[in-house]
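K.L.:
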């Protein structure tokens, strides 16, 4: 597609459930990022992939968060045993690799609500 | 450590007024990149502009203009003759030397009143 696609658009989970959020980046973009945006805040970095390699996962808040990109295209962010503090919008972005001033192109996000 | 400050949390203007959104950054890097993004109610972050630290030339794109001043570590964004469609949250972001990810400010919510 022309842009970054994320699904589902909305997700409601009961506390303790596992969730999986999907991101389909722009074709040809080898860099992929996940961000978490709490209500009224700016996006905060979670993790970064270059192709299938996860080069930076320093932003993942706990070991309940796991991301993968096995074939270097679609990525999945998985949250295990969800907690209420995990409620946020999860944004995926992609960009051209190796170009420092290349902008990130964002998807519409997945709004996760943990009840 | 890098830091991006958007001191204005919310701004309201009447349509056709000009408005400036402030962004101040802190870094020890000599090479870095600055960005502005717009987030309308739909939620998608829309890229507006990027600047390199070695290029202080200001830029104008239609009703939008950006003023980059290294001396004051500021990268301000001005909308001329604001329109209702400009209502959104605007984020300033920073990428440092050797970094891949962007570091975002907390955003400024702009409301343009018709």
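Protein chains in written order, with the numbering used here: chain R, 176 to 290; chain S, -13 to 100.
Note that CB positions come from ideal geometry on N, CA and C, so glycine has one too.
Who are the Cβ neighbours of residue 226/R in its own chain at under 7 Å, not counting the five residues just before and after it?
P.N.:
The count along the first chain starts at 1 and reaches residue 226/R at position 51. If the five residues before and after residue 226/R are omitted, its C-beta is found closer than 7 Å to the C-beta atoms of 205 and 247, all from its own chain and listed in chain order.
K.L.:
With 7 Å as the limit, tell me which residues of the stretch 50 to 77 of chain S have their beta carbon closer than that to any beta carbon of chain R; keep them in chain order.
P.N.:
The stretch 50 to 77 of chain S vs chain R, Cβ under 7 Å: 77.
K.L.:
Quick check on the DSSP output: the beta strand (DSSP E) that includes residue 36/S runs from which residue to which?
P.N.:
Position 50 of the second chain, counted from the first residue, corresponds to residue 36/S. Residue 36/S -> beta strand (DSSP E) spans 32 to 38.
K.L.:
Please report the residue range of the beta strand (DSSP E) in which residue 197/R lies.
P.N.:
Your numbering for residue 197/R matches position 22 in the first chain. Residue 197/R -> beta strand (DSSP E) spans 194 to 199.
K.L.:
Figure out for me which residue from 90/S, 70/S and 54/S has the closest Cα to the Cα of residue -12/S.
P.N.:
In the second chain, the residue the question calls residue -12/S occupies position 2. For the residues 90/S, 70/S and 54/S, the minimum Cα distance to residue -12/S belongs to 90/S.
K.L.:
By a C-beta neighbour count over all protein chains shown, 10 Å radius and 16 as the cutoff for buried, is residue 75/S buried or exposed?
P.N.:
The count along the second chain starts at 1 and reaches residue 75/S at position 89. Counting Cβ neighbours within 10 Å, residue 75/S comes out buried, since at least 16 surround it.
K.L.:
Is it the case that the stretch 16 to 23 of chain S contacts the stretch -8 to 5 of chain S, given that we only count it when at least three CB pairs across the two stretches are under 8 Å?
P.N.:
no
K.L.:
Measure from the C-beta of residue 218/R to each C-beta in chain S and report whether the shortest distance is under 7 Å.
P.N.:
In the first chain, residue 218/R corresponds to position 43, counting from 1. Taking Cβ atoms only, chain S reaches closer than 7 Å to residue 218/R, which makes this a yes.
K.L.:
Per DSSP, which one or two residues make a beta bridge with residue -11/S?
P.N.:
For the purposes of this step, residue -11/S is taken as the residue at position 3 of the second chain. Beta-bridge pairing links residue -11/S to 12/S.
K.L.:
Measure the CB-CB distance between residue 66/S and residue 4/S and report whether it falls below 7 Å.
P.N.:
Sequence index remark: in the second chain, residue 66/S carries index 80 (1-based). Sequence index remark: in the second chain, residue 4/S carries index 18 (1-based). Contact flag set, yes.
K.L.:
Listed in chain order, which residues of the stretch 268 to 288 of chain R have Cβ atoms closer than 9 Å to some Cβ of chain S?
P.N.:
Legend: CB atoms of the stretch 268 to 288 of chain R lying less than 9 Å from CB atoms of chain S belong to residues 268, 270, 272, 275, 276, 277, 278, 279, 280, 281, 282, 283, 284 and 286.
K.L.:
Quick one: Cα of residue 33/S to Cα of residue 190/R, how far?
P.N.:
Counting from 1 along the second chain, the entry for residue 33/S is found at position 47. Counting from 1 along the first chain, the entry for residue 190/R is found at position 15. Approximately 34 Å, taken between the alpha carbons.
K.L.:
Have a look at 27/S, 40/S, 80/S and 57/S and flag the residue whose alpha-carbon is nearest the alpha-carbon of residue 72/S.
P.N.:
On the second chain, position 86 is the one that residue 72/S refers to. Answer by Cα proximity: 27/S.
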